[in-house]
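Beneath this line is the structure, given in structure tokens, with notes to follow.
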Amino acid sequence: MKMSSGLAGPVALAAAVCLLLPAASLAQLQVGFYNTSCPNAEALVRQAVTAAFANNSGVAPGLIRLHFHDCFVRGCDASVLLTVNPAGGNTERDAPPNNPSLRGFEVIDAAKAAVERSCPRTVSCADIVAFAARDSVNLTGNTFYQVPSGRRDGRVSNATEALSLPGPNSTAQNLTDGFGRKGLSAEDMVVLSGSHTIGRSHCASFLFRNRQRLAAGTISPAYQALLEALCPPTTGQLTPNTTEIDLSTAFAANETLWKQKFAAAMIKMGNIEVKTGTQGEIRLNCSVVNPGSSWAAGIEMMPFPAGTSDATAGEVATS
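Throughout the sequence shown, residue numbering follows mature numbering (1 follows the signal peptide of the UniProt record, and there is no 0), covering -27 to -1, 1 to 292 in sequence.
So, in structure tokens, the structure goes:
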């Protein structure tokens, strides 16, 4: 059968991505996980993302960053979406690395509402975040890849844990070590950093640091002058200036290979410390844990002896 030109690109990319992924990376999740239980799940998420993107193209980099910030704290379990922590204290969403810069929550809520109307209590918020990030990549970079799914939602979200996210002052070694702890290579880190091409940055996050580098002679005076011109003083505390992160992309040698590696790295990142099977829950509302499930907040933190089954853990929790 001859493949149509419209499908050749995405199919070829998907095949190439599979070759780049280690077999173990797909062991817990499955492409087409909702084919039977909610066959239109991905389409509904895509519709919500596309509608939001048509109104504001800035939601795309926001949703990609949302997925990254979710996966790097407690794994890809939608803990970054929670506004209330049953265990008490502020959530990841309130932490300085996320508040006020993290965005896209309303898009996830809209997608979740549409999915719940079609398939109640079936699709996790964690999977919706992963689907939305993929759709954002496709809208901005014409790169489509299949997302393995089957994630479950976590019940704990602590602001203090979000402070471990890579920051603007992280050194190359800090970044390499941080990504390594999540099972990502230095190449994965570099490839994933390519998503910054479509993003924006708060001027306050880099101007002062760059002035220090200028004084030390480690940044070009001409480049610093350009950044200063792009980032004039703010008009007030509540109106921080932002600018394009990349004025022009530095990638030009092999765009096709970069797309393949970027898709593979996104899939790999989406597999970080996932909850599957009977772990966690399928949240009805992405911003709060399900009613009656707050008892489990402490259980997720509680270590059980090796070999303890989920059923045994449940008995311990309810005893």
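Ideal Cβ positions, reconstructed from N, Cα and C, are used throughout, including at glycine.
Tell me, please, which residues DSSP counts as bridged to residue i.
i      : result
Ser122 : Gln3
Val18  : Answer by DSSP bridge pairing: none, since Val18 is not bridged.
Asn258 : Val261
Just to confirm, is the Cβ distance from residue i to residue j under 8 Å?
i      : j      : result
Phe41  : Ala33  : no
Ala105 : Val22  : yes
Arg256 : Val247 : no
Val18  : Ala68  : no
Cys98  : Ala51  : yes
Asn131 : Gly62  : yes
Thr249 : Arg124 : yes
Glu47  : Val129 : In the sequence as presented, Glu is not what sits at residue 47; that position holds Arg. Cβ distance < 8 Å, so Arg47 and Val129 count as in contact.
Ser143 : Leu2   : no
Ala238 : Leu165 : yes
Ile37  : Leu54  : no
Thr116 : Ala236 : yes
Val120 : Ile240 : yes
Pro139 : Leu148 : yes
When burial is assigned at 16 or more other CB atoms within 10 Å of the CB, is residue i buried or exposed?
i      : result
Asp126 : buried
Ala159 : exposed
Ser109 : buried
Gln146 : exposed
Leu75  : buried
Ala16  : exposed
Arg107 : buried
Glu228 : exposed
Asn28  : exposed
Asp100 : buried
Gly153 : exposed
Is DSSP giving residue i helix, strand or coil here?
i           : result
Asn115      : coil
Asn28       : helix
Asn147      : helix
residue 293 : Since the first residue shown for the chain is -27 and the last is 292, residue 293 is missing from the structure and cannot be characterised.
Thr208      : Any reading at Thr208 must be qualified, since the residue scores a pLDDT of 49, below 50, and its modelled position is unreliable; the value itself is stated next. Coil at Thr208, not helix or strand.
Val129      : coil
Gln252      : coil
Ala223      : coil
Pro12       : coil
Pro34       : helix
Ala286      : Caution applies to Ala286, whose pLDDT of 35 falls short of 50 and renders its modelled position unreliable; the value that the coordinates give is listed next. If DSSP states are grouped into helix, strand and coil, Ala286 belongs with the helices.
Pro139      : coil
Ser91       : helix
Leu75       : coil
Ser109      : helix
Pro59       : coil
Lys241      : helix
Leu(-7)     : Note that Leu(-7) has pLDDT 49, beneath the 50 cutoff, so the model's placement of it is unreliable and no number is given.
Lys155      : coil
Thr229      : helix
Val96       : coil
Ala198      : helix
Ala103      : helix
Thr64       : coil
Ser266      : coil
Glu246      : coil
Checking contacts by CB at 8 Å: is residue i closer than that to chain C?
i      : result
Cys259 : No chain C appears in the structure shown, which is made up of a single protein chain.
Taking the C-alpha atoms as reference points, what is the distance between residue i and residue j?
i      : j      : result
Trp231 : Val57  : 39 Å
Asn244 : Ala198 : 41 Å
Glu134 : Val163 : 24 Å
Ser260 : Pro59  : 12 Å
Val4   : Glu89  : 20 Å
Asp43  : Ser137 : 12 Å
Ser30  : Gly156 : 31 Å
Lys234 : Ser266 : 39 Å
Thr208 : Pro73  : Annotation note: pLDDT 49 at Thr208 (below 50); position unreliable, no value reported.
Glu79  : Ala202 : 33 Å
Thr9   : Pro93  : 14 Å
Thr64  : Ala14  : 27 Å
Pro264 : Asn258 : 10 Å
Met242 : Asp161 : 9 Å
Ser91  : Cys49  : 24 Å
Ala223 : Thr113 : 17 Å
Gly77  : Leu39  : 7 Å
Asn71  : Gly35  : 11 Å
Trp268 : Asp150 : Note on Trp268: pLDDT 45, under 50, position unreliable in the model; no value is reported.
Tyr118 : Pro12  : 17 Å
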